[in-house]
Structures are given as C-alpha cells and as structure tokens.
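Asks:
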Amino acid sequence: MVSKPPTEDVDETDLDVSEPKDWAAGLPGVAVSLRRGVEQMGVVRTARTLRLLNQREGFDCPGCAWPEPHGHRKVAEFCENGAKAVAEEATRRRVGPGFFAEHPVSELAERTDYWLGQQGRITHPVLLRPGATHYEPVDWPTALSVVADALRGLDSPGEAAFYTSGRTSNEAAFVYQLLVRSFGTNNLPDCSNMCHESSGAALAETTGIGKGSVTLADLTEADLIVVVGQNPGTNHPRMLSALEEAKGNGATIVAVNPLPEAGLLRFKNPQNARGVLGKGTALADEFLQIKLGGDQALFQAIGNLLLRWEDEAPGTVLDQDFIDTRSEGFAEYAEHVRALDWAEVDTATGLDRAEVERVARLFAGSERTVVCWAMGLTQHKHSVATIREIANVVLMRGMIGKPGAGLCPVRGHSNVQGDRTMGIWEKMPEKFLAALESEFGVAVPREPGLDTVGAIRAMRDGRVKVFMAVGGNFVSAAPDTAVTEAALRSCALTVHVSTKLNRSHVVHGEAALILPVRGRTERDTQDAGDQFVTVEDSMSVVHRSQGRLAPASDMLMSEVELVCGLGRELFGDGHPVPWVELARDYDLIRDHISRVVPGCADYNARVRQPDGFVLPHAPRDSREFTGTRDDKAVFTANPLTVLRVPEGRLLLQTMRSHDQYNTTIYGLDDRYRGIKDARRVVLVNPDDLAALGVPDGTAVTLVSEWAEDPTGTTERRAADFRVVAYPTARGCAAAYFPEANSLIPLDSTAEGSNTPTSKSIVIRLEV
Ligand code: SF4
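Read in order, the letters of the sequence shown are residues 501 to 1267 in this note's numbering.
Rendered as structure tokens:
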C-alpha cells in the first residue's frame, strides 16, 4: 500500500541518538530498501522496478556513479541507497495542478527540502507569472516560448546561465551544450564545479586526463587500497562489495577520514551467508582518524618517508625506471618534500607519527596500490594541491597504468562524469569546440563561461538575468544559501527541468517555470520508437539505460525532447541543427557524438554491446601521458597548507546522512551514525564539547567566521542546531548539507578549481 505524503513538516524535537554502528548494510539495509520501495511504489511496482535496476536491459541507477561489474550481473545489482533513489523517482505520489492551486509559493518556501521532495512527481509544466502568488499549469508551447522569448530579449547571450545536474543523460547533455553554445555562451555551470572539480584539475595537470585511471578489476586485484576522505557505506555502497572482494584476494585496506564511518570498518554483504548470518567482513586494516584538511600533509609525509627509505636502500622503494622515462619534475618534488617540517605534519593531521609510518610502509611494500578519494578531499582551499600530492606518491611508485593500481576519484552523481565528456563545462578545450562547430555549421563561442560560483556572483550582481537548470536543486546544492537565494530572486526568469518539487522551485526569479520530465525508470517513446539513453560511470564505462515504467504523467517530456523543443523554438526551422529530427531518434544524436566527442567513434554500435564500452584513458591503457604539456606525468612541489583554527573554534565539514543523496532527502535517519528523526545536528568530539563547556544535546546556533570575505560579511549563522557528542577527530565538527550550506562563504573556494570549501569552515557554537 503506497503511503500518503506527509502533511506536517519535520519535528526535530523527536531527535533520538544512539551509539554509532561499526558495520554497514546487512539485513537492515535490505529491510529499509523494501520498506521505502513499498511506501512509495507499492509491492508490485517495487518488485518490477528493482528487478531492472542496473541490469543490461534495464536502467542505470539514478544514485551514484559506481560501475556495474563487467560480464555477470547479480539478480539484485543495487544497494539500499540505490533502491531509495529509485523509490523516490518511481513513486506513485503526484504533484498536479491542484497541488499548486492549493499551496501559494510563499507557503511552500517555508517547507523543508524533505517535505517538498516527499510530495511526489510533478505532472504538468507550471508557470509563476510576475507578481503571482501561485504556479499555474501551462501547455508546452507556452512554456517553451516563455523561455525562448526571455533568452531572445537579453542584451547578450552571456546574460543567461545554464546549469546541469549529474543525472542528465549523455544524449540530453550533448544537445543541451549544443543549444547553449549555439545561443552564444559557454555559461555552463554544473554540479561538478561543487564536487570533483579539484580532482579533474589536479589529475589533468599531473596525468593529462581529469578522470580516474582504474577499472573495477583493478580495485579487486590491488594488494593495497587507500580510501581517503570518503564514506562509501552511504555514498557509493556497492563499492563495499568490491572492497570485500579485494579483501578476499588478500588486499590491505587503509581508511583515512575524520569520522569512523561504519562502511569503512565492516561490511555485512546481504548477498552472502557471512553477511547475513555472520559478522561480515572487516574492511579497514588501518584507520587513520585525520583532522579535516590534513590529507596533503599526510601524503607529503608518506612521500618524505619513501624518499628516505629509498636513500637508505637504493633501488628498493621508488620506480626509478618510471620516474626516469615517463615523468618530469621529480627532482623539484623530491627536494621540496625532503625539507618537510614534521611538526607541521603533526599539527595538520593530528596523527601519531607511528601510524603515518605504518601506512607509508604499506605503500613501500605494495606491488599494486589504488588510492580512492571523494569529497572529503575536494572541498578545501588546498584540494587541488592535496590531490596532486596523492598523484606524487602514486607516480613515484609507478602505480599507474598497470593492473591493480592507479588513481580513483569516486564520483558522486550517476552521470556527472558523462556530462563533462559530452561538453558540459564552461571551458571545454578548443578541439571539442572546433569539432562541434564543424559538425553542425554553427558558430561556437570561445570565451570561457561561468562556473557555479561565477554564475551565482553574476546573478547577484545583475549580470545574469535568466537561469535555467536541467535537473538538480541549485539553491540547496550551492553554498552561502542566503546569497544564492538572493541571486536567484534577482533573475528575470528561473527555469527548472525537474521530476520532483524542490527548494529551487520556490526561491524563484520574477517569473519562474517548472518543466517536468520523465525519469530514468520510465519509458521514452518518440516518433522513431522506444528510445534508450547512455551514461558514463566513475570508471569511464559508457553504457545504455532504458526505463520501462509508464511515465508519471502523459504531459511529461524527456529531457532530450525538451531541450530540442527549446532549440526549435529559440532558433526556428532554418537553423543548421536539426532539432526536431534529433528528438525523434536519439541514434542521430549518438551519430553526432561519435564525430564530435573524443573516444566515442562508432558510438551507436558500441553502446549496444552488452556492457557498453570503456572510454580511452592514455595513462591507464598505455602508460602514456599525452594530455600533459610534455607528454609526461608531472610531479609537483606544493607548499604545505596547515589549517589553523582559533581558540574556542571548530572546523566544520558538511556531509550527507545515510537517508539522502545529494540534495534529495529520503528520510530523517542517519542509521549508521545513530541519529534518528532529525537533521539539524552538529557532531562534535566529546572532549571538544568539554573544553568548550557545551553539554551534549545543547541547542546552538552555528556561526561561521571568515575574515577574508571580500563582501565584508565575516559571520554567517545557522540557528536551531542540536549538539551531538560524536567520535569525530579532535577539533573537527560535522553537519548535514543543505542545512549547513548557509555557513559556507561564496567566495571561499579551492585554489585551482573554484570549488566551495564545504569541508573546512571555521565555526563557533553559540549557546
Ligand atoms: S552503489 Fe550507487 S549506483 Fe550502485 S545501486 Fe547504490 S547508489 Fe546506485
């Protein structure tokens, strides 16, 4: 029986805190998957939908970007959070015209993200006219003409910004960037600007390609896996199966994180007897509870020790042949790291030197090392330098371009990597832009566009007047909530292409549109018949995805259809891009992709292979580094950053609960961390609470402090939080996003990637 959406909003007085778990998944994970599925979809639809999830003939999970195994797939090839993501999309709850007539936008703006998301699938395009109090239904021609008219009315194409979330398919992303560039701008901010931009920047510079170099097989063949700044149990749960397999093959696993996350410690695989009946598999052999932002110092320390041991026993630690023949910059790097100040390492990491040395010994003795990381590393001021430092250690050991070894940034949203491959980037290389221009005969601008932070600044300052987003929940994903909200409210028109209601719909421009689309789970029938789309996972595997459910409403378009419809409306029939034909048959889009996007030749045939195909990656495939300036891997010498927190302050990171994926809130429990029925909590080490004189459970306002803010706003406040004593690293606190995003200054960003520094915010607790 499908349950009704909540009428009342969240009541946080019911907060219940218990001991954090020291294992992940198991039967509770299965139970929650089924319960959430049945609540949203009913029994039959739950069974029918989950059967197709991540299967070759089915659809790709709309959750994270973890890859499917090559060859055999299990009957249940998904995790608890994948099942929750599907339940949210395939829900039977509906938000139709009656809902919008009943609820003024001002009332909806008072609701939480959770309440809004739980109302169900949007069934009709709706328009909020200037000065109106309610969204009203409109037909598609009207909706598309409102957007086209607003774009045509701008003084220049640069007055519009076009955001993309990481769920958008390759086909939709390709036609979207084509539309934006045909319109005359590269203003293509995306969610990657806020998550793995630092990984892309550092890897492109050091290896020549901004993507990870490992396959799933590499992970299971590695003898040493180091997982840094990542919580796979919640954010990439099927990674635990790969870690378990690696462990079975004899791998040593090292976890480096400020919080002792359950999924790093032990995995109870619900698909085997040991997971169901026994204790499961212990994962991390070493757990380094590092301070926030201390990872750069850790990897410099490891580099220092490896150099020292090589000096003591030449030819035993470094891969000198690799260094000599395939890299450059080693001498400068070695000189820099040999001069390391160990007292600074102690301060930055909070680790014992003995544990740093133990882990360095593991690196020195490993034949096949993989280093994985996620957003714990990418959202600091010195994130690019930190990832360069990981690359240094991996390169000095020659751990790239051979089986069981490499660099593995683990991406978040399911197609965030594919969107980039398809051209969703404000600064695509000239080669891509020239190919696009030649393929379609349209003029493509060369001036770099706005990224996410740049787009918010431009809206705030009145330089961008139309904001369009394909997917996502921009207001809740972005930093500095008050500034981002004011920026969107200052637009003449905000347009959101969405499946469900979210906060960005109720924090709107003078006029606003919600354009509802089909989801991954749903059938997409066009004039040429049923269509499929393609996606790229975190390990560069491109494969097909085809939904089978009937769409939530017959008023929904597919994203491809919508973008092409807008192209036709904006440019008219005489335009060189055949918008109408592209929407009829996605094979035509894929033919263009095969001629424009590097590595995608013969795209239509290769995505029809059972497991799709793997995009080329020169360092992985042939130990070539053709994307760097001199075609060699690049060592870098990076000044050490030590985050210093004033007396009486804490360093805060934002994080996800186990009941959310990015900005989508599935529920109010964070099961592994023992938090129930609340989200406005701040996790603080008990010793820090004692030192601060703040008892566990105290109601506090979080106040962030950033003296360098160019706007002069040195303090930001987030009220109504409750303190939870938790075994975080000393001096480090954690709170969920989006609730804590209001504390992140817009202009506090990573050097070299412009990613907001969501993992290192200086705060004080105000009682
Ligand atoms: S691991 Fe990621 S892709 Fe796989 S089912 Fe879970 S959420 Fe979906």
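Where a beta carbon is used, it is the ideal one built from N, C-alpha and C, also for glycine.
All values derive from a computational prediction rather than experimental measurement.
1. According to DSSP, what are the bridge partners of Met1057?
2. Just tell me which of Ala1011, Pro1016, Phe863 and Ser998 has its CA closest to the CA of Ile725.
3. Under 7 Å from any heavy atom of the ligand SF4, does the C-beta of His1092 make it?
4. Taking the alpha-carbon positions, what's the Ala531 to Gly780 distance?
5. List in chain order: all unbroken alpha helix (DSSP H) runs of 4+ residues lying wholly within the stretch 936-973.
6. Hey, Pro1119 and Ile887: beta-carbon distance below 8 Å or not?
7. Check each residue's C-beta against every heavy atom of the ligand SF4 and list, in chain order, those closer than 5 Å.
8. Using the Cβ count rule (16 or more neighbours within 10 Å means buried), how would you classify Ser656?
9. Which residue's Cα is closest to the Cα of Asp509: Gln618, Val575, Glu588 and Gln555?
10. Measure the beta-carbon distance from Ala1218 to Val970 and round it to whole angstroms, keeping in mind my assumption that it falls under 8 Å.
11. Residues in the same chain with beta-carbon distance under 8 Å from Asp1187, minus the five sequence neighbours each way, listed in chain order, please.
12. For Asn804, collect the residues of the same chain with a Cβ closer than 6 Å to its Cβ; drop the 5 residues on either side in sequence, then sort them by chain order.
13. Can you tell me where the beta strand (DSSP E) holding Met1155 begins and where it ends?
14. Alpha carbon to alpha carbon, what distance is there between Ile802 and Ile464?
15. Is it the case that the stretch 1119-1133 contacts the stretch 692-712, given that we only count it when at least three CB pairs across the two stretches are under 8 Å?
16. Alpha carbon to alpha carbon, what distance is there between Lys965 and Pro1076?
17. Can you say whether Trp1270 is buried or exposed, counting buried as having 16 or more other CB atoms within 10 angstroms of its CB?
18. How many whole angstroms separate the CB atoms of Ala982 and Arg960, which I take to be in contact at a CB cut-off of 8 Å?
19. For Leu1152, which option in Leu792, Glu1239, Tyr1161 and Pro1245 has the closest C-alpha, if you only look at C-alpha atoms?
20. If you measure between the beta carbons of Gly1067 and Leu688, is that distance less than 8 Å?
21. Helix, strand or coil for Ser665? Go by DSSP, reduced to three states.
22. Among Val910, Ala1225, Ser503 and Cys1064, which one has its Cα closest to the Cα of Leu678?
23. Hey, how far is the Cα of Arg592 from the Cα of Ala1050?
24. So Phe940 and Gly1009 are in contact, right, with Cβ under 8 Å, and what is the actual spacing, rounded?
25. With DSSP as the reference, label Ala660 as helix, strand or coil.
26. Would you mind working out which of Arg1144, Pro1078, Val1262 and Val884 sits nearest Ala1234, comparing C-alpha positions?
27. Have a look at Gly571 and His1043 and give me their C-alpha separation to the nearest angstrom.
28. Per DSSP, Asp516 is paired with what?
29. Looking at Val1097: is its Cβ nearer than 8 Å to the Cβ of Thr921?
30. Pairing CB atoms from the stretch 1177-1197 with CB atoms from the stretch 767-785, are three or more of them under 8 Å?
31. Quick check: the stretch 923-938 against the stretch 891-907, are there 3 or more CB pairs under 8 Å?
32. Do Ser713 and Gly972 come within 8 Å of each other at the CB atom, strictly closer than that value?
33. Applying the 10 Å Cβ sphere with the 16-neighbour rule, what's the burial state of Asn670?
Replies: Per the coordinate set shown:
1. Within the sequence shown, residue 1057 is the residue found at index 557, counting from 1. Paired residue(s): Val1017.
2. Taking the first residue of the sequence shown as 1, we reach residue 725 at position 225. Here the closest residue by C-alpha is Phe863.
3. If you number the sequence shown from 1, residue 1092 lands on position 592. No, Cβ of His1092 sits at least 7 Å from all heavy atoms of the ligand SF4.
4. If you number the sequence shown from 1, residue 531 lands on position 31. If you number the sequence shown from 1, residue 780 lands on position 280. Cα to Cα, the separation comes out at about 17 Å.
5. 952-960
6. As a working note, residue 1119 is residue 619 in the sequence shown. As a working note, residue 887 is residue 387 in the sequence shown. Cβ distance not < 8 Å, so Pro1119 and Ile887 don't count as in contact.
7. Cys561, Gly563, Cys564, Trp566, Phe578, Cys579, Asn581, Gly582, Pro737 and Arg738
8. Translated into positions along the sequence shown, residue 656 becomes position 156. Ser656 should be labelled exposed.
9. Start at 1 with the first residue of the sequence shown, and residue 509 comes out as number 9. Taking only the C-alpha atoms, the option nearest Asp509 is Gln618.
10. Counted from its first residue, the sequence shown places residue 1218 at position 718. Counted from its first residue, the sequence shown places residue 970 at position 470. The Cβ separation is near 29 Å, so there is no contact.
11. Mapped onto the sequence shown, residue 1187 falls at position 687. So the qualifying residues of the chain are Arg1230.
12. Residue numbering aside, residue 804 sits at position 304 when the sequence shown is read from its first letter. Here the set comprises Val837 and Leu840.
13. Reading the sequence shown from its first residue, position 655 is the one you call residue 1155. Counting along the chain, the beta strand (DSSP E) containing Met1155 begins and ends at Leu1150 to Met1155.
14. Residue 464 cannot be examined here, being either before or after the span of the chain that is shown, 501 to 1267.
15. yes
16. Locating residue 1076 in the sequence shown gives position 576, where the first residue counts as 1. Locating residue 965 in the sequence shown gives position 465, where the first residue counts as 1. Distance between the alpha carbons of Pro1076 and Lys965: 27 Å.
17. One cannot answer for residue 1270 here, as it falls past the ends of the chain, which runs 501 to 1267.
18. Working through the sequence shown from its first residue, we reach residue 982 at position 482. Working through the sequence shown from its first residue, we reach residue 960 at position 460. Actually they are not in contact, since the Cβ atoms of Ala982 and Arg960 sit about 11 Å apart, beyond 8 Å.
19. Here the question's residue 1152 lines up with position 652 in the sequence shown. The candidate whose alpha carbon is nearest that of Leu1152 is Leu792.
20. The residue you call residue 1067 lines up with position 567 of the sequence shown. The residue you call residue 688 lines up with position 188 of the sequence shown. No; because the gap between Cβ atoms is not below 8 Å, this pair is not in contact.
21. Position 165 of the sequence shown holds residue 665. Looking at Ser665 - three-state DSSP - the assignment turns out to be coil, as it is neither helix nor strand.
22. Walking along the sequence shown from the start, residue 678 turns up at place 178. Per the Cα distances, Cys1064.
23. Within the sequence shown, residue 592 is the residue found at index 92, counting from 1. Within the sequence shown, residue 1050 is the residue found at index 550, counting from 1. Their backbone Cα atoms lie some 11 Å apart in a straight line.
24. If you number the sequence shown from 1, residue 940 lands on position 440. If you number the sequence shown from 1, residue 1009 lands on position 509. With a Cβ gap of about 30 Å, Phe940 and Gly1009 do not count as contacting.
25. Locating residue 660 in the sequence shown gives position 160, counting from the first residue. DSSP places Ala660 in strand when its eight states are reduced to three.
26. Taking the first residue of the sequence shown as 1, we reach residue 1234 at position 734. With distances taken between Cα atoms, Ala1234 lies closest to Val1262.
27. Position 71 of the sequence shown, counting from 1, holds the residue named residue 571. Position 543 of the sequence shown, counting from 1, holds the residue named residue 1043. Rounded to whole angstroms, Gly571 to His1043 spans 13 Å at the Cα level.
28. Position 16 of the sequence shown, counting from 1, holds the residue named residue 516. Bridge partners of Asp516: Lys1176.
29. On the sequence shown, residue 1097 is found 597 positions in, with the first residue counted as 1. On the sequence shown, residue 921 is found 421 positions in, with the first residue counted as 1. It is a contact, given that the beta carbons lie within the stated cut-off.
30. no
31. no
32. Taking the sequence shown and counting its residues from 1, one reaches residue 972 at position 472. Taking the sequence shown and counting its residues from 1, one reaches residue 713 at position 213. No.
33. Residue mapping note: residue 670 aligns to position 170 of the sequence shown, counting from 1. Label assigned to Asn670: buried.
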